[in-house]
Amino acid sequence: MTTNIRDFARALDRAAATLPAEKVLRAKQQLAEAALNRLVARTPAATGHARANWQVSLGSPAIGVVAGADPSGADTLAKGVAAIKADRSPFATVWITNNAPYIQTLEQGGVERPPAAMLALTAAELRRK
Numbered sequence: 544m545t546t547n548i549r550d551f552a553r554a555l556d557r558a559a560a561t562l563p564a565e566k567v568l569r570a571k572q573q574l575a576e577a578a579l580n581r582l583v584a585r586t587p588a589a590t591g592h593a594r595a596n597w598q599v600s601l602g603s604p605a606i607g608v609v610a611g612a613d614p615s616g617a618d619t620l621a622k623g624v625a626a627i628k629a630d631r632s633p634f635a636t637v638w639i640t641n642n643a644p645y646i647q648t649l650e651q652g653g654v655e656r657p658p659a660a661m662l663a664l665t666a667a668e669l670r671r672k
């Protein structure tokens with residue numbers, strides 16, 4: 544999965560090199576918002592803690608675990624979209640991270656849980672756009 548995400552990032556970089564900066568910024572914001580929406584929607588919400596932990600940051604990944612829960616994902620989406628729209632740098636990296644300690648188990652599955660594949664499915668979908 545990591546290879547697919549890295550390949551996707553390289554493809555985006557190649558495409559961005561051919562566009563004017565304002566188009567790159569707009570495309571980056573649209574892509575980031577679409578990714579965030581898909582990730583939050585696909586995250587299992589037994590308690591809402593994993594959904595609450597999708598964090599958007601610019602330039603470097605967020606650190607730390609978000610306390611609390613967001614079963615609907617609405618607050619997480621609102622915060623994330625606000626951060627994405629505040630971005631004014633067309634070539635800065637937008638990070639969408641989740642530091643919940645069990646997020647990898649949700650993504651890949653476990654002994655009694657099938658994989659949710661939030662990242663894998665989202666990357667595959669957005670790559671086709």
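Residue numbers (my numbering): 544 to 672.
C-beta: ideal position from N, C-alpha, C; glycine also.
For the pair Ser600 and Ala629, the CB atoms are not nearer than the 8 Å cut-off.
Remark: fewer than three beta-carbon pairs, one from each stretch, lie closer than 8 Å, so the region 568 to 580 and the region 641 to 654 are not flagged as touching.
Counting only the Cα atoms, Val583 lies some 11 Å from His592. A Cβ-Cβ distance of about 14 Å is found for the pair Leu662 and Leu574, leaving them out of contact under the 8 Å criterion. The bridge partners DSSP lists for Leu574 come to none.
One Cα belongs to Pro587, the other to Arg557, and the distance between them is close to 33 Å. With contacts defined by Cβ atoms closer than 8 Å, Ala659 and Arg585 form a contacting pair.
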